[in-house]
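Notes for the one structure printed next.
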Amino acid sequence: MNRIISRKTFHIVWTTVLITLLALFFLFPLVWMIVSSMKPEQQIYNNISNFKAFLPSANISEWGKAYSSIFHRFNVFRYILNSVFYAVSLTIGSLLVNSLAGYGFAKYKFTGRKLIFGLLIAMLVIPGATLLIQQFQVAKTIGILNTPLAVILPGMSSPFYIYMFRNAFAEIPDSVTEAAELDGASNLRIFWNILLPMTMPTVATVGTLSFIGSWNDYVWPLMVLTNSDQFPLQVAITNINNTQPVYMNQVMSILTISTVPLILVYIFFQKYLVQGMGSAGNGDK
Amino acid sequence: MVKIDLDHVYKKYDNAKNYSVKDFNLHINPQEFIVFVGPSGCGKSTTLRMIAGLEDITKGTFKIDGKVMNDVAPKNRDIAMVFQNYALYPHMTVYDNMAFGLKLNKVSKSEIDKKIQKASEILGLKEYLKRKPAALSGGQRQRVALGRAIVRDAPIFLMDEPLSNLDAKLRVTMRAEIAKIHQQLKTTTIYVTHDQTEAMTLADRIVVLKDGQIQQVGTPMEVYNKPANVFVAGFIGSPAMNFFNVKLENGLVHDINGDFNIPVPEGKLNILKDKGYDGQELIMGIRPEDVHTEQVFLESFPHNVVESTVVVSELLGSETQLYTNLGGTELVSKVDARDFAKPGAHVKMGFEMNKVHFFDKDSEETLDN
Amino acid sequence: MVKIDLDHVYKKYDNAKNYSVKDFNLHINPQEFIVFVGPSGCGKSTTLRMIAGLEDITKGTFKIDGKVMNDVAPKNRDIAMVFQNYALYPHMTVYDNMAFGLKLNKVSKSEIDKKIQKASEILGLKEYLKRKPAALSGGQRQRVALGRAIVRDAPIFLMDEPLSNLDAKLRVTMRAEIAKIHQQLKTTTIYVTHDQTEAMTLADRIVVLKDGQIQQVGTPMEVYNKPANVFVAGFIGSPAMNFFNVKLENGLVHDINGDFNIPVPEGKLNILKDKGYDGQELIMGIRPEDVHTEQVFLESFPHNVVESTVVVSELLGSETQLYTNLGGTELVSKVDARDFAKPGAHVKMGFEMNKVHFFDKDSEETLDN
Amino acid sequence: GCGNKQSSNNDKNITMWVHISDEDPEGKALAQNIKEFNKENKEGYKAKVQYIPRSGSGGGYEDKVNAALNSGSLPDVLTLDGPNTAAYANSKIIQPIGKYISDKDDFLKTIIDQGTYKDKLYAIGYSESSVGFYYNKKMFKEAGIKDSELPTLEKPWTWDQFINICKKLKDHFHEPAINMNLNDHSEMALYSLAPLVWSAGGSITNPAGTKAEGYFNSKQTTSAFQFIQNMVKDGYTTISPKDKGFETGKYAMTMTGTWEVQTLDNQYKNLKWGVLPYPVSPKTKKEVSPTGSWQYAMTSAAKNKKAAGALINFLVSKKAMYRSDMANTVLPARKSVSKMMEPKVNSAMKFFIKQNQTTGHARPVLVNYPQVTRTFAETVQNVTLYKKNPDVQKVMNQQAQVIQKYLK
Amino acid sequence: MQTKGLRRQVGWLYVLPALLLLLTFLIIPFLMSFSYSFTDYNILTPNVKNFVGLQNYINTFKDPVFLQSLKNIAQFIVFIMPIQVGAALGLALIVNKKRPGNMFFKISFFAPQVVSLTVVSILWMYILNPDQGLLNGILGIFHIKPQPFLTSPKQAMFAIIGVSAWQGAGYQMLIFLSGLQSIPQSLYEAAELDGANAWQRFIHITLPMLKPTSVMILTTTFISAFNLMTQPMIMTQGGPQNSTMTPIYYIYRTGFTDRQLGYASAMSVIYGIVIIIFTIIQRKITNAGGDENE
Ligand SMILES: Nc1ncnc2c1ncn2[C@@H]1O[C@H](COP(=O)(O)OP(=O)(O)OP(=O)(O)O)[C@@H](O)[C@H]1O
Ligand SMILES: Nc1ncnc2c1ncn2[C@@H]1O[C@H](COP(=O)(O)OP(=O)(O)OP(=O)(O)O)[C@@H](O)[C@H]1O
Ligand SMILES: [Mg+2]
Ligand SMILES: [Mg+2]
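Protein chains in written order, with my numbering: chain X, 241 to 525; chain V, 845 to 1213; chain L, 845 to 1213; chain Y, 697 to 1104; chain C, 4 to 297.
Below you can see the structure in the form of structure tokens.
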């Protein structure tokens, strides 16, 4: 028995080693970024072609230097607060609006549903990047310029997320929603208490992606906002990255600062993914 | 506590060729306990689902207390239902599964807790209240489904094979509990089961279904003692009634193979003759328990005796089932364990002709009354 | 055709506090038909799933034909299983559901078709072969699950309540088919059921489980006639055995309330005395069918007669169940339909003392042998 | 907001957009200047600045200007990059400001040139920029290059001499001698390489900016591109340089902007380096260096022109310019400011200030400048792919046609 | 669920907020853009929009760069689709299994999504450096000559494909993962008992059960592949010699750098039609043999 177990363990070990290698292949820029934010620029470039590229400065006192200088240069906290505010609002809004729409498409056979859904797929095609000016004109017309709404609203509804939610809801066995209906739940309740919790993986995914999307947006907030107190973190990043002279360690430290929340959000949402719902209500394990 | 009327109800699934429920007429009195029985796929669940509002009614009207409900949303029908496949909320604990409906009805927290504690006590689920359905055994899940419906105190209660995954003992207990609850609350109930004992003991009236059509509606004793047709006669009772193709001649029935030739009791004979079946072919049905092997019986009714060889014999504790071959059909008899006979043994069996049923050969309708 | 050994097997689910299966020892001979029975949640499915390899064995060894299989992947165990919850492939038609395993085993197309046609004939699924599971009734789905396992011809066959959602008639047919298939193929089979008749008729040996532990292993007659303890005695048989707390004095047993006072037949009395139970308290069990109301019996054994008032009476076709109260416990008796008595009626009942069982008061183990 | 321009001619409020951050030294200096303007001007004008940090070569900021332009919400004053002058002026986004700027002679000619479209001054730069050839003193010594071989502004090196030195370096270090940032296909290409063209006597278009054929593919222009191609072909430079190869001692030289001075001073303190001027064409020996900067301009939306003019004039005044140029260590746009700064800066900056004044050459003022500069960069890229395009003249002929298309 | 009569129309209420937002910020701007496509709209002169009829459309078909960009994007899509979607599915399968350190792997595979493109391109430029880059170093071990990668018109697109797949796979992985999580475990159990090995379970259970997710991912990856812009913009600026110029990048450049909004709009309309046609074809193909997806 021991031998068998050790063979099993062996299998686990070597697959884990392989996967770890694969993981490192995807992880190295992140590591490099964090590590590079912890050494003088000179070292970044001196180390770049050997393994030291992935080690922070040997001198611990160097680790925080880039950080202290960007905190000195910018009001990083305010930017972060702004960014968090925009991203959180947009994520919540996006989850609400898109999941509701997905619910409508998945569970109601309203007239015109197929047509609208086809249109939605067609909308996926429209490249937002080429419509900046027109979008700005619309935002100006409806008078939301210079308000957080201008940053949040345009990115909120996405055909893709609607599509994702619709698929997820369509997969939930009707018997579960039926049970809820008989329990006297209104449609909104079923949506809120049954469907949404049962599609946590999708909620988590859309949440993560919305948050990241909003967090990384730079041009649009800059266009619709004028008060630099309202700017998101990306503005600072771009600024650091483009104002000559560019100090790579400072760039890396502001990028690290801006990446950490993304990773936290990712982990936060992934927890729900891991839990999984495991089963549908009909006794499937 | 409410009255339910189903008038000429039909159901056809969107992608199906045939009707799953046909010309369904049933009038359920307030407080009545109705049991649906019928072969797998005969439309029991479908009918329940139409009543609950989960399936559209293709044709016909469905009324609660005289009000047409065809188009009322399920949540406004105030019906509690136990689903055949449980349909538990997988993301909620057992407790929350049961509490959900109550919460929606704004029942107070303490009230909810009281109800759930009571129900879970009855159902033996106390220690599982904090688990999610995935970590329960099949029977435990079914009990949760039952509990979720029980706590609701709805005026209509639909149960689709709510005890099928429980052991015999628990089943008896549960059955008794369901009877008790019904007696207390007088909820109008429709209950689907495959268990004859459940059907017999719980039902005020039994509805026998076949291929989406009602075959007979009646009290348990009625469907057992006066089956409307061959199907009902064969379906109710376990083991099933034995049927023979016989011919009535000179007050005797004899089967085609000539394996027996038995006099028909006067009362029955007169009815059959009145209906013009003298000299005609008929279907004769006899229940296994009406086939006797006791010496006393064989001696008292020598003309009723048939002989055959045991093919299979099953000893079931207090009684024995003998499978023999007679008149070209299998004859099952349920006799005392004392009269156990090994396969191959030659046995004499007496037909209790007063309990025999006769049916028309073509329409298969009963001829008894 | 293979031998299965379970040695001191334990199972604890990751998130559970207690063992779901404890010290499970069972040695199954080739070709044997084993039936697991036990209350809901006692670990039947869990044991089956461990044998199939779907759950890890926490402790102990599991062997097939003498080879330790604990760590062999399910697909290499060559086991066919009917899941309690069916686990049909929702994206495949009924036909494909059944064909899947065969295709994987590279069975030829025509062979597959032959097998499926045959199985679907037996299961009454012919007309549903092209449907997807979602468009089937509960019982139909269960039959598909059964069919999927049947066609496999695997050397080990596990069935987890495969007939629970079928009507009585179909159930009898299916039960017979399963017996036939087992006779033909001699597949080593483990079968979980809550149906006593199924257990009794199908099993070579019955395994009675409680709380994850084996209570008794034996042939149907053994577990019925010689239950190892109060639990088994009470679990096997329906309605369940009646138990009384009694005291043995002067060759008589009398209950605490003094409701009866009956002589113990000599043979049993000697055994009890030998074991030193004279003057001691005991548990006495008597099956409902061993309580008689026939005049003949009452007259023949006047000392064995007790009297009580009917609380509930259930007429079940050929027989009647009377619920009375005796010695502080409910006494259920199963008597001839002729002896039907209305609730409130006063009845005399005779105990067939030769069939009575005695158990130790504390350990609840049998004292009969 | 941006849309509240209901004001009349004597509105004393001036709105201004700038492409920098208020958290940079440059932004802080500007804020100081604005504060002083608001305090010191006698008419009671009030300027209000919005800081809109740009990305890359103007992205973000320009998007915003475009958006504002297309929805009629431009400010009174804005900053714009030098090459945009013509397009903005031509589209009447900005209006002439010549009459508001005092002391025009004090500005470098290149500043006036870049801000002038059709003979009118539309925009005025407040700083200058330049490019130099930074070299690693230690490596030069190692490669056996004597100090006497090094050029100065007074005694420049010709392309041949330059190549000679490159050869020595390459032979010694087995690495390209210089990083010419040839992988940068942005504005940097024209900005830093056009001086070679000009030095050879070539040009991108005719002076009126209407013809490229015959100019861009002239022998002179072609000779400059041939020089670039040779540099790559012979391995003296590379089209895929390593980032900071010069700073980390891999390349002995780099050709880059004035900002490098700060980088080297702050981050690479161990490096011993100096700055050399542009090599000149052996034929003309004409010394040319690039110039260019962001400028202030008055939009056509400005209602109170006098106020806006006063603001611009103030911001490019000696005092204001000195403050902002010193803050950011950039080259001044005024000769007088140059004098003020020279004593305060290091030798490299001194070199640049001088190079700027003596050899600076403004970029062409063209309406379709973005397309032209991109074509220029593409041309550089094409000729550096020497295997694919061995015939430089052919490339030049083709590209001249492309540019010509944009001039109509 | 109840889908009778009027109650069906309740669905509109749920869809409406999203549709309104999309109408405002996507459809209307797109329609505006459509109307611009018939004019000589220059960003700098918004007030002088001359109607030029179909001239912009005609020019599109004569624009060698645009045509070249179409060719480039076709090449990109042909390669990126199998590579990226395949990789995403593979990664999703890996992290869907319970395994120690699972969260670490998930973060790793998704990391390229959260790391700024600046970082990514700096590093990849180093790896792909023709002279002393890491990749050529590795190739050297196998005695393969150094390759020019990004500086070669022939190879640049492949380098972009590789980097894009590497970077984008984490995104689809996440979506695949949420699809995988909704497949009931019991199906795998049943299949395993039916004798299916890991590969067969994948083919017969995972893939069909994942079909709605896969169709969605294929569709959206397909469409977003058509929208490729950032990678070439940052890594090659469309070069060398326009070999990595993509239509959207070209449209963007024409509209914003060159300020020819009218012309850019015409190109986007044409390109939009191209994408829609191909998307319909692609959905027909991926849906072949399927039913439930509209
Ligand atoms: N995934 C799980 N996690 C934790 N506990 C579990 C899990 N699955 C089952 N159990 C518990 O293990 C015990 C045995 O379960 P099992 O499913 O084997 O019961 P069973 O005998 O098949 O019952 P039934 O007749 O109701 O199907 C039960 O108490 C159940 O609650
Ligand atoms: N969604 C559906 N689409 C098409 N046919 C269906 C659908 N659901 C059920 N049917 C068919 O309708 C008939 C009646 O099904 P129903 O579920 O009512 O049977 P049932 O009496 O409950 O059977 P069981 O006892 O097996 O649960 C069956 O033949 C079944 O195949
Ligand atoms: Mg059913
Ligand atoms: Mg079970």
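All residues carry an ideal CB built from backbone N, CA and C; glycine is no exception.
As the structure is a prediction and not an experimental result, all values here were calculated from the model.
What are the partner residues of residue i, as DSSP defines its beta bridges?
| i | result |
| --- | --- |
| N1105 of chain L | L:H1098 |
| W990 of chain Y | Y:D777 |
| D1204 of chain L | L:L1126 |
| L1053 of chain L | L:I1058 |
| Y348 of chain X | DSSP, once it has assigned bridges, lists no residue as partnering Y348 of chain X. |
| W969 of chain Y | Y:N832 |
| S1152 of chain L | L:V1191 |
For residue i, which residues in chain C fall below 9 angstroms Cβ to Cβ?
| i | result |
| --- | --- |
| S415 of chain X | Simply none; closest approach about 10 angstroms. |
If I follow the unbroken alpha helix (DSSP H) through residue i, where does it start and stop?
| i | result |
| --- | --- |
| G140 of chain C | 137–144 |
| M232 of chain C | No alpha helix (DSSP H) holds M232 of chain C; DSSP gives it neither H nor E. |
| W460 of chain X | 459–464 |
| M248 of chain C | Unbroken run through M248 of chain C: none, as it is neither H nor E. |
| N315 of chain X | Note, N315 of chain X: premise wrong, no alpha helix (DSSP H); not H, not E. |
What residues of chain V sit near residue i, judged by a beta carbon separation below 8 angstroms?
| i | result |
| --- | --- |
| V1016 of chain L | S1082, P1083, A1084 |
Could you check whether the Cβ of residue i sits closer than 7 angstroms to any Cβ belonging to chain L?
| i | result |
| --- | --- |
| L1010 of chain V | yes |
Just to confirm the assignment, what range does the beta strand (DSSP E) spanning residue i have?
| i | result |
| --- | --- |
| M949 of chain Y | 949–953 |
| E1163 of chain L | 1163–1170 |
| T905 of chain L | 903–908 |
| D971 of chain L | Checking the sequence, you will find Glu at residue 971 of chain L rather than Asp. First-last for E971 of chain L: undefined, no H or E at that position. |
Look at residue i and residue j and say whether their C-beta atoms are less than 7 angstroms apart.
| i | j | result |
| --- | --- | --- |
| Q1057 of chain L | F1075 of chain L | no |
| V1108 of chain V | V1097 of chain V | yes |
| L870 of chain L | L898 of chain L | no |
Note down, in chain order, every chain Y residue with its Cβ under 9 angstroms from the Cβ of residue i.
| i | result |
| --- | --- |
| L372 of chain X | D759, N762, A763 |
Could you work out which residues of chain L lie near residue i, taking near to mean beta carbons separated by less than 9 angstroms?
| i | result |
| --- | --- |
| Q71 of chain C | Going along chain L, no residue has its Cβ under 9 angstroms from Q71 of chain C, so there is no contact; the nearest lies around 44 angstroms. |
Taking only beta-carbon positions, decide if residue i is within less than 7 angstroms of chain X.
| i | result |
| --- | --- |
| Q718 of chain Y | First, the residue type needs correcting, since residue 718 of chain Y is Asp and not Gln in the sequence shown. Judged by the 7 angstroms Cβ criterion, D718 of chain Y is in contact with chain X. |
| K919 of chain V | yes |
| G945 of chain V | yes |
Just the chain X side, please: which residues come within less than 7 angstroms of residue i by C-beta, in chain order?
| i | result |
| --- | --- |
| K109 of chain C | Q510 |
Anything in chain L within Cβ reach of residue i, meaning under 7 angstroms, just list it in chain order.
| i | result |
| --- | --- |
| F1079 of chain V | K1013 |
In chain V, which residues lie less than 7 angstroms from residue i when you measure between Cβ atoms?
| i | result |
| --- | --- |
| I434 of chain X | Y933 |
Name the chain V residues whose beta carbon is nearer than 9 angstroms to that of residue i?
| i | result |
| --- | --- |
| M438 of chain X | Y933, P934, H935 |
Step through the CB atoms of chain Y and report whether any lies within less than 7 angstroms of the CB of residue i.
| i | result |
| --- | --- |
| S468 of chain X | yes |
Report all residues for which the CB-ligand distance to some heavy atom of ligand 5 is below 6 angstroms; order them along the chain.
You won't find ligand 5 in this model; what it holds is ligand 1, ligand 2, ligand 3 and ligand 4.
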